[in-house]
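Scroll down for the structure; my scribbles are underneath it.
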Amino acid sequence: MKAYNYDVVVIGGGPSGLAVATKLAEKGYKVALIERKDELGGILDQCIHDGFGTKLFNKALSGPEFASVFINKAETLGIGIHLNTYVKNVEIRENEKEIVAISPHGIKNIKTKAIVYAVGCRERHQFEIKIGGTRPAGVYTAGMVQRLINLYGILPGKNILIVGGGDVGMIVARHLYLEGAENLLIVFPEKRFAGLPRNVQQCILDFGIPYQPQTVVKEIIGKERVEGAILVRVDEKWKPIPGTEELYPCDTIILSVGLIPYSLKLKKIGAKIDPRTKGPEINEFFETTIEGVFAVGNLVQIFDYVDDAVESALIAADGVEKYLNQEPKEKIIEFVPGKYIRALIPHRIEWKDDRNIIAFFRANIEKENAHIELRDENGNLLKRYFRRYIRPSTLERIEIPRELLQDKRQVTLNVSED
Amino acid sequence: MSQRTEILCIKCPKGCLLRITIVTNEVKVEGNECPLGERYGIEEIKNPKRIVTSTVRILNARYPRLPVRTSEPVPKEKIKEVISNLKNVVVKAPVKKGQIIVKNVANTGVDIIAERDMERV
Chain A
1 MKAYNYDVVV IGGGPSGLAV ATKLAEKGYK VALIERKDEL GGILDQCIHD
51 GFGTKLFNKA LSGPEFASVF INKAETLGIG IHLNTYVKNV EIRENEKEIV
101 AISPHGIKNI KTKAIVYAVG CRERHQFEIK IGGTRPAGVY TAGMVQRLIN
151 LYGILPGKNI LIVGGGDVGM IVARHLYLEG AENLLIVFPE KRFAGLPRNV
201 QQCILDFGIP YQPQTVVKEI IGKERVEGAI LVRVDEKWKP IPGTEELYPC
251 DTIILSVGLI PYSLKLKKIG AKIDPRTKGP EINEFFETTI EGVFAVGNLV
301 QIFDYVDDAV ESALIAADGV EKYLNQEPKE KIIEFVPGKY IRALIPHRIE
351 WKDDRNIIAF FRANIEKENA HIELRDENGN LLKRYFRRYI RPSTLERIEI
401 PRELLQDKRQ VTLNVSED
Chain B
1001 MSQRTEILCI KCPKGCLLRI TIVTNEVKVE GNECPLGERY GIEEIKNPKR
1051 IVTSTVRILN ARYPRLPVRT SEPVPKEKIK EVISNLKNVV VKAPVKKGQI
1101 IVKNVANTGV DIIAERDMER V
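In the order they appear, the protein sequences are chains A and B. Just so it is clear: in the first sequence, position 322 is 322 by my numbering, and no numbers are missing. Just so it is clear: in the second sequence, position 121 is 1121 by my numbering, and no numbers are missing.
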């Protein structure tokens, strides 16, 4: 067994993990980066479309281009990069954490002061959306298809039904269309696409790809291979309307039905999980409820832009530094999602600092000329933010000046009624 | 004759809804929060352009496909032609990020470049 000792261990070599590791290495800490796969970059290696980095670098890069910026940095900074390494066990002790990891070079015993989890999210699969019928070959998740097309040049089928109107589904639909799928149809239960409006324009409307809102798959038909699907219309509450069933013949069904933070491992070591985001509860520097254990990127909540995920990692790097310097915490200010707010991070404010607090939230209504209000425990208005549009599909980012929160115990974020 | 359309700006993540009025030959853009939006709105009506991304076959590399893209946006109606021009392209590893894979693809004056390094294995 090989033994290692670091200041910080980052688990996960995707964009967020790379960002937090490089920033901490630049600050002079001894950093390790553990990646399960045999290369760094995470999901970006299969995201060959452009549009990454518009916030960070002010230009639209492709996924691999975005990743390479951080990979090159990580390689020159002397970070301990452990590829093909799987974290088997994490033990939390006061001021020290011990990781047991498995690799082709044997078992590694890694001691560290702080851990940053950056393990991202997983795709929801067919068993989570209650599709009836048989289970033949030809049912894929959208990310899997993206991988097949972009890394291996394999088209999974010719007549394709895509379930779900999220960003990944739309981007995959465009690739399938351009790479030679004959028939495509997208169905989703909402009235409108759930993904970013810019993707609706670039991926769907640009090419006239057919879609059918307020529709779900009732049943998959097929014995060996998918032969079709029974589609059914749904009402506003996503309840199937009897008598609206129709058979749609296809050879492939692609599910793009949402991403979920992969917080299983954090839960196992005792971190508190937020049922709204499905990620861990965090403070303003992305520290979980376990001291010295941080979480960043899509593991915390699903970000729309890799730029925002990377920002979360850069904020966390400052938090890790605070933890390693043993900076004292102040009292806790609770952060509560109020009316029309579906999810909100951070969950609490607890460090003394003078930087603005960066908060991300997702509304659950669609509204034009919306006001977002920050109120204290007595209902006093602290700050109002204006947005021309808010939509459930768009993750909003706000900055909160810290002095507004002095002597507060709890603050609530609402979307104003008027 | 005037014609009104609404399009969504894709220049930055803000995603302004542009309200566009076309009066014979003049394009008027409203709803944009920055000059990029106005330029995009006019271009989107007169000559819409997109970055095209795809893959080409690569030999002796860790994956059988190399991700590539156009170095500049190309006219929208050229997208299919750009993609079909890549069908029979085969390159050999190693390839460096930004390396030109196809020059002046589909006579657009734009090159196809590699999106990533791909080492020889």
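Think of the CB as a built atom: it goes at the ideal place given N, C-alpha and C, for glycine as much as any other residue. On a predicted model such as this, the values are computed, not experimentally measured, just so you know.
- Counting of Cβ neighbours within 10 angstroms places residue 49 of chain A among the buried residues, the total reaching 16 or more.
- Among the residues facing chain B, residue 64 of chain A is included, as its CB has a counterpart in that chain under 7 Å away.
- The DSSP-derived three-state label of residue 1034 of chain B is coil.
- Contact of residue 1120 of chain B with chain A is not assigned, every C-beta pair being separated by 7 Å or more.
- For secondary structure counted as the alpha helix (DSSP H) over 4 or more consecutive residues, the segment 108-196 of chain A holds these complete runs in sequence order: 142-152, 167-178.
- By the CB criterion at 7 Å, residue 333 of chain A and residue 361 of chain A fall outside the cutoff.
- Nearest C-alpha to residue 1057 of chain B among B/1068, B/1047, B/1050: B/1068.
- When only Cα atoms are considered, residue 151 of chain A and residue 40 of chain A end up about 15 Å apart.
- The bridge partners DSSP lists for residue 5 of chain A are A/111.
- Within the segment 1017-1035 of chain B, the residues whose Cβ lies closer than 9 Å to some Cβ of chain A are 1017, 1031, 1033, listed in chain order.
- By the C-beta criterion, the segment 302-311 of chain A is judged to be in contact with the segment 380-396 of chain A, since at least 3 inter-stretch pairs fall below 8 Å.
- Bridge pairing for residue 283 of chain A: A/348 [DSSP].
- In chain order, 48, 62, 64, 65 make up the part of chain A whose C-beta sits under 7 Å from the C-beta of residue 1115 of chain B.
- Spanning the alpha carbons of residue 1085 of chain B and residue 201 of chain A requires a straight line of approximately 24 Å.
- Scanning its chain for C-beta atoms nearer than 7 Å, with the 5 sequence neighbours on each side dropped, one finds around residue 1031 of chain B the residues 1016, 1017, 1018, 1019, in chain order.
- Cβ neighbours of residue 38 of chain A within its own chain (closer than 8 Å, five residues either side excluded): 83, 84.
- Residue 202 of chain A carries a helical assignment under DSSP once its states are collapsed to helix, strand and coil.
- The alpha helix (DSSP H) runs of length 4 or more contained entirely in the segment 209-257 of chain A do not exist; there are none.
- DSSP places residue 318 of chain A inside the alpha helix (DSSP H), whose first and last residues are 306-324.
- CA-CA distance, residue 320 of chain A to residue 17 of chain A, rounds to 13 Å.
- At the C-beta level, residue 413 of chain A and residue 382 of chain A stay beyond 7 Å of one another.
- Among the residues facing chain A, residue 1067 of chain B is included, as its CB has a counterpart in that chain under 7 Å away.
- Per the coordinates, the alpha-carbon of residue 415 of chain A lies some 6 Å from the alpha-carbon of residue 373 of chain A.
- Beta-carbon to beta-carbon, residue 244 of chain A and residue 272 of chain A are separated by about 43 Å, too far to satisfy the 8 Å threshold.
- Chain-order list of chain B residues neighbouring residue 206 of chain A: 1048, 1050, 1076, 1079, by C-beta distance under 9 Å.
- Residues of chain B with a Cβ closer than 8 Å to the Cβ of residue 202 of chain A are, in chain order, 1010, 1050.
- It is roughly 8 Å from the alpha-carbon of residue 298 of chain A to the alpha-carbon of residue 118 of chain A.
- By the Cβ rule, the segment 162-176 of chain A counts as touching the segment 184-204 of chain A, because three or more pairs are nearer than 8 Å.
- Think of a sphere of 8 Å around the beta carbon of residue 150 of chain A: the chain B residues whose beta carbon falls inside it are 1055, 1065, 1067, in chain order.
- Of the candidates B/1021, B/1113, B/1006, B/1113 places its Cα closest to the Cα of residue 1073 of chain B.
- A check of alpha carbon separations from residue 214 of chain A across A/247, A/199, A/198, A/189 identifies A/189 as the nearest.
- Of the residues A/240, A/336, A/236, the one whose Cα lies closest to the Cα of residue 283 of chain A is A/336.
- Scanning A/105, A/120, A/34 for the CA closest to the CA of residue 310 of chain A turns up A/120.
- Sixteen is the threshold: since fewer than 16 other Cβ atoms of the shown chains lie within 10 Å of the Cβ of residue 264 of chain A, the residue is exposed.
- Nearest in C-alpha terms to residue 349 of chain A, of all of A/94, A/47, A/407, is A/407.
- In the three-state reduction of the DSSP assignment, residue 1040 of chain B falls in the helix class, which pools H, G and I.
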